[in-house]
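*Asks:* Below are the structure tokens for one structure; questions will follow.
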Amino acid sequence: MIKEEIFDRLSLSIVKADMETAKEAAQEVIQGKVDPIEAIDKGLSKGMDIMGERFSKMEAFLPELIMAAQTFDMVMEILEPEIAAQKRKVIKAGTILIGTVKGDVHSIGKNIVTTVLKTGGLDVHDLGVDVSPLAFVEAAQKNRADIIALSSLMTTTMPGQREVIEVLEEMGLRNRYRVIIGGGPVNQQWAEQIGADGYGETAAEAVLLARKLLTEGKNNPEPHPEHLRKNIGPTL
Ligand code: B12
Numbered sequence: 153m154i155k156e157e158i159f160d161r162l163s164l165s166i167v168k169a170d171m172e173t174a175k176e177a178a179q180e181v182i183q184g185k186v187d188p189i190e191a192i193d194k195g196l197s198k199g200m201d202i203m204g205e206r207f208s209k210m211e212a213f214l215p216e217l218i219m220a221a222q223t224f225d226m227v228m229e230i231l232e233p234e235i236a237a238q239k240r241k242v243i244k245a246g247t248i249l250i251g252t253v254k255g256d257v258h259s260i261g262k263n264i265v266t267t268v269l270k271t272g273g274l275d276v277h278d279l280g281v282d283v284s285p286l287a288f289v290e291a292a293q294k295n296r297a298d299i300i301a302l303s304s305l306m307t308t309t310m311p312g313q314r315e316v317i318e319v320l321e322e323m324g325l326r327n328r329y330r331v332i333i334g335g336g337p338v339n340q341q342w343a344e345q346i347g348a349d350g351y352g353e354t355a356a357e358a359v360l361l362a363r364k365l366l367t368e369g370k371n372n373p374e375p376h377p378e379h380l381r382k383n384i385g386p387t388l
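Count along the sequence shown from 1, add 152, and you get the number used in my numbering.
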């Protein structure tokens with residue numbers, strides 16, 4: 153089977169939450185020596201986008217989203233060992249802390265980014281979902297992180313990314329960490345607006361971005377005083 157057909161099967165199996173077809177298509181990815189990351193991007197994620205669109209048009213409802221997400225997670229369990237097999241040696245002593253911001257429980261994209269960063273040879277600590285700004289900063293201190301990676305899937309939780317940067321600024325720690333952001337509604341413009349050090353659209357971009365920032369060393373950029381919003385305290 154050509155890989156585009158496998159991607160279409162994966163996408164459709166997410167839309168239909170068809171575990172059997174999803175499992176078969178995942179096996180085809182492995183047997184056909186198709187790049188699992190490409191299968192995630194062009195197959196599984198495409199199916200999720202369709203579900204998101206249906207949800208916003210009220211053609212699909214929460215239980216269907218949940219079932220689609222469960223199907224996605226099941227396929228990831230099959231693909232993850234394959235992805236891990238590509239794992240490179242840790243390329244540089246650099247630690248990345250990742251999590252989904254406060255109020256947001258979307259984990260699929262963040263998990264993929266985590267897996268791909270690890271596969272790219274980076275040391276990654278996953279804080280999970282619904283992580284408060286203070287929890288990010290405390291964990292960054294504790295783990296001596298170099299990069300804080302923030303995922304947000306909703307327009308309503310995007311401000312949580314800015315709040316992490318604000319807390320770092322208010323604690324005088326902004327220079328110590330690079331902050332990268334991603335997630336469906338996020339873009340480069342938002343990254344610039346909140347003074348983040350980078351934005352990645354996909355998990356593959358997250359790796360390139362993290363490597364670039366780590367290679368640049370720990371001479372972190374100047375803080376972004378224009379983004380200090382002292383009058384608005386962060387919600388912790
Ligand atoms: C699956 C899903 C769910 C699942 C999540 C399951 C799980 N374990 O994650 C469930 C059913 C739980 C859910 C719940 C809700 N959801 Co929802 N959900 C989705 C859906 C359909 C897909 C998200 C997804 O997993 N995509 C696939 C992954 C692979 O893509 P991704 O997350 O974007 O990640 C990629 C990139 O963005 C990037 N990336 C991600 N993070 C990061 C971080 C960094 C640092 C970098 C560099 C890159 C990066 O790399 C990833 C891989 O390439 C989206 C629609 C959509 N198209 O996004 C709606 C969507 C996000 N949900 C939405 C809503 C409204 C909700 C609910 C409020 C619904 C409700 N009424 O309860 C709740 C929110 C609960 C909460 N407090 O968080 C809305 C958000 C609208 C908005 N305000 O912006 C969306 C957009 C649907 C819609 N069109 O209306 N949801």
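Backbone N, C-alpha and C fix where the C-beta goes; we use that ideal spot for every residue, glycine too.
So what does DSSP say about Val181, is it helix, strand or coil?
*Replies:* In this structure, Val181 counts as helix in the three-state DSSP scheme.
*Asks:* Checking the sheet assignment: what are the DSSP bridge partners for Gly335?
*Replies:* The partner list for Gly335 (beta bridge, DSSP) is empty, contrary to what the question assumes.
*Asks:* Where Pro233 and Glu315 are concerned, what is the direct C-alpha to C-alpha distance, given to the nearest angstrom?
*Replies:* Distance between the alpha carbons of Pro233 and Glu315: 35 Å.
*Asks:* Between Phe207 and the ligand B12, is there a pair consisting of the residue's CB and a ligand heavy atom that are separated by less than 7 Å?
*Replies:* It does: the Cβ of Phe207 is within 7 Å (strictly closer) of some heavy atom of the ligand B12.
*Asks:* Does the beta-carbon distance from Leu361 to Ile332 come in below 8 Å?
*Replies:* It is a contact, given that the beta carbons lie within the stated cut-off.
*Asks:* Determine, for Arg296, whether the minimum Cβ-Cβ distance to residues of chain C falls below 8 Å.
*Replies:* Within the model displayed, chain C is absent; a lone protein chain is all it includes.
*Asks:* Compute every distance between the C-beta of Asp278 and the non-hydrogen atoms of the ligand B12, then say whether any falls below 7 Å.
*Replies:* No, the ligand B12 has no heavy atom inside 7 Å of this Cβ.
*Asks:* Secondary structure at Asp275, three-state DSSP: helix, strand or coil?
*Replies:* Reduced to three states, the DSSP call for Asp275 is strand.
*Asks:* Using the DSSP secondary-structure output, state which residues sit across from Ser303 in a beta bridge.
*Replies:* DSSP, once it has assigned bridges, lists Thr252 and Gly334 as partnering Ser303.
*Asks:* Mind checking Ile166: buried by the 16 CB within 10 Å criterion, or exposed?
*Replies:* Classification for Ile166: buried.
*Asks:* Do you know whose CA, among Gly273, Ala220, Thr247 and Asp278, lies nearest Gln238's CA?
*Replies:* Closest by alpha carbon: Gly273.
*Asks:* CB Thr266 to CB Asp278, shorter than 8 Å?
*Replies:* Contact flag set, yes.
*Asks:* Is it the case that the CB of Lys262 approaches a heavy atom of the ligand B12 more closely than 7 Å?
*Replies:* Yes, Cβ of Lys262 sits closer than 7 Å to a heavy atom of the ligand B12.
*Asks:* Specify the secondary structure class of Gly350 as computed by DSSP and reduced to three states.
*Replies:* Strand at Gly350.
*Asks:* Can you tell me which of Thr252, Glu353, Ala301 and Leu196 puts its alpha carbon nearest to the alpha carbon of Glu229?
*Replies:* Measuring from the Cα of Glu229, the nearest candidate turns out to be Leu196.
*Asks:* Is the separation between the beta-carbon of Gly348 and that of Ala301 shorter than 8 Å?
*Replies:* Here residue 348 is Ala; the residue named in the question, Gly, does not match the sequence. Cβ atoms of Ala348 and Ala301: not closer than 8 Å.
*Asks:* Leaving out the 5 sequence neighbours to the left and right, which residues in its chain are closer than 6 Å to Asn372 when beta-carbon positions are compared?
*Replies:* In this predicted model, Asn372 has a pLDDT of only 49, less than 50, meaning its place in the structure is not dependable enough to derive any value.
*Asks:* Quick one: grab the DSSP three-state call for Val151.
*Replies:* The displayed coordinates of the chain run from 153 to 388. Any statement about residue 151 would go beyond what the structure contains.
*Asks:* Using 10 angstroms around the beta-carbon of Ala236, count the other beta-carbons present and answer buried if the total reaches 16, otherwise exposed.
*Replies:* Its Cβ having fewer than 16 others within 10 Å, Ala236 is exposed.
*Asks:* CB-CB under 6 Å to Ile384, same chain, minus the five flanking residues each way: which ones, in chain order?
*Replies:* Only weak support is given to the placement of Ile384: the predicted model assigns it a pLDDT of 30, under 50, and the question is left unresolved by the model.
*Asks:* When you compare only the Cα positions, how much space is there between Glu374 and Gly352?
*Replies:* Unreliable positioning characterises Glu374 in this predicted model, as indicated by a pLDDT of 43, which lies under 50. The coordinate reading is nonetheless provided below. C-alpha separation (whole angstroms): 21 Å.
*Asks:* Tell me which residues share the same chain as Met306 and place their Cβ nearer than 7 Å to its Cβ, disregarding the 5 neighbours each side in the sequence.
*Replies:* Closer than 7 Å at Cβ, skipping near neighbours: Asp256 and Pro337.
*Asks:* Using three-state DSSP, classify Thr309 as helix, strand or coil.
*Replies:* It is coil, neither helix nor strand.
*Asks:* Tell me whether Val186 sits in a helix, a strand or coil according to DSSP, three-state version.
*Replies:* Val186: coil per DSSP, three-state reduction.
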